[in-house]
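Read through the structure below, which is laid out as C-alpha cells, and then see the notes.
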Amino acid sequence: MEFLIHFHLMAAMAWIGGSIFMFVLGVSLRDKSKQQQVYPNIGPIFGYFEIVSLIILLVSGILMADDKGLFYGLLDGDTSPIGTVFYNKMMIVLFVIIFTMIHFVVALKTNKKERTKLQNFLSRSSSLMVLFLNLVVLHYAIMLRSMLN
Ligand code: HEM
Numbered sequence: 076m077e078f079l080i081h082f083h084l085m086a087a088m089a090w091i092g093g094s095i096f097m098f099v100l101g102v103s104l105r106d107k108s109k110q111q112q113v114y115p116n117i118g119p120i121f122g123y124f125e126i127v128s129l130i131i132l133l134v135s136g137i138l139m140a141d142d143k144g145l146f147y148g149l150l151d152g153d154t155s156p157i158g159t160v161f162y163n164k165m166m167i168v169l170f171v172i173i174f175t176m177i178h179f180v181v182a183l184k185t186n187k188k189e190r191t192k193l194q195n196f197l198s199r200s201s202s203l204m205v206l207f208l209n210l211v212v213l214h215y216a217i218m219l220r221s222m223l224n
C-alpha cells in the first residue's frame with residue numbers, strides 16, 4: 076500500500092497545479108476575443124485532465140485511509156487530533172467535489188456558447204472556491220501525513 080502515496084501526490088500536483096494555472100490564465104487573459112479562441116479549445120482537455128486527476132486522488136486516498144483504519148474514527152466520531160484532522164480534510168474534499176461539479180455542469184452546458192450572467196457567476200465563483208479550498212485541503216493533508224508517519 077506504500078506505493079499509493081506516489082499516485083496520490085502526482086494526482087495532487089496535477090489537480091492543484093491545474094487550478095492555479097487556470098487562475099493565472101483567467102487573470103492575465105482579459106481580451107474577450109482571445110478568451111473566445113483559447114477557452115473553447117483548452118477547456119475540454121483541461122476539464123478531463125482535472126477529472127482524471129481528481130478520480131486518482133479520491134481512489135488512492137480512500138485506499139490509504141482504509142489501510143490506516145481512518146474511516147472507523149470518522150464513523151465513531153473520533154475527536155482525537157488525527158480524527159479531527161481527517162474529518163476536516165474529508166469535509167473540505169466534499170465541498171471541493173460539490174464546487175467542481177457545479178463548474179463542470181456549467182462548462183458542459185455552455186462550451187462554445189454565450190453565457191448568461193448567472194452562468195458566468197456560477198462558473199467563476201465555483202472555480203475560485205475550488206482553488207481556495209484546495210489550499211486548505213493541502214494544509215490538512217500535510218498535517219495528516221506528519222501525524223501518520
Ligand atoms: C482534493 C483532494 C485531495 C488532495 C489535494 C489531497 C492531497 C494530499 C497530499 C498532498 C498528501 C501528502 C501530504 C504530505 O506528503 O505531507 C495527502 C496525504 C493523504 N491523503 Fe490526501 N488529498 C486529497 C483527497 C484525499 C481523500 C479523499 C482521502 C481519503 C478518503 C485522502 C487521504 C489521504 C491520506 C490517508 C494521506 C496520508 C497518507 C500517508 O501518510 O501514508 N486524501 N493528500
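Counting in the working numbering, the sequence shown runs from 76 upward without gaps.
Yeah, the Cβ is synthetic: ideal placement off N, Cα and C, and Gly gets one too.
Exercise for review: From the DSSP output, in three-state form, read off K184 for me.
Suggested key: helix
Exercise for review: Say whether the segment 206-222 touches the segment 149-164, bearing in mind that this needs 3 or more beta-carbon pairs closer than 8 Å, one atom from each stretch.
Suggested key: Look at the beta carbons and you see the segment 206-222 touching the segment 149-164: at least three pairs across the two are nearer than 8 Å.
Exercise for review: Return the CA-CA distance between A87 and A140, expressed in angstroms with no decimal places.
Suggested key: 16 Å
Point to revise | DSSP three-state assignment for F78, whether helix, strand or coil | key: coil
**Study point:** Secondary structure of S108, DSSP reduced to three states
**Key:** helix
Exercise for review: Taking only heavy atoms of the ligand HEM into account, decide whether any of them is closer than 6 Å to the Cβ of G148.
Suggested key: If you check the C-beta of G148 against the ligand HEM, you find no heavy atom less than 6 Å away.
Practice item. Report yes or no: do three or more beta-carbon pairs, one from the segment 127-143 and one from the segment 90-98, lie closer than 8 Å? Key: yes
Review point. Any idea if H178 is buried or exposed, counting beta-carbon neighbours within 10 angstroms, 16 or more meaning buried?
Key: Classification of H178: buried, given that the 10 Å Cβ count is 16 or more.
Point to revise | Burial state of T175 (16 or more Cβ within 10 Å) | key: buried
**Study point:** Where N195 falls: helix, strand or coil (DSSP)
**Key:** helix
Check your understanding: What's the C-alpha gap between K184 and P156?
Key -> 42 Å
Check your understanding: In its own chain, which residues sit with a C-beta less than 6 Å from the C-beta of L206, not counting the 5 before and 5 after it?
Key -> S94 and F98
**Study point:** Residues near the ligand HEM, criterion Cβ-heavy atom distance below 7 Å
**Key:** I80, H83, L84, A87, W90, I91, L129, L132, L133, G136, I137, M139, A140, K143, L145, K164, M165, V168, V171, N209, V212, L213, A216, I217, L219, R220, S221, L223 and N224
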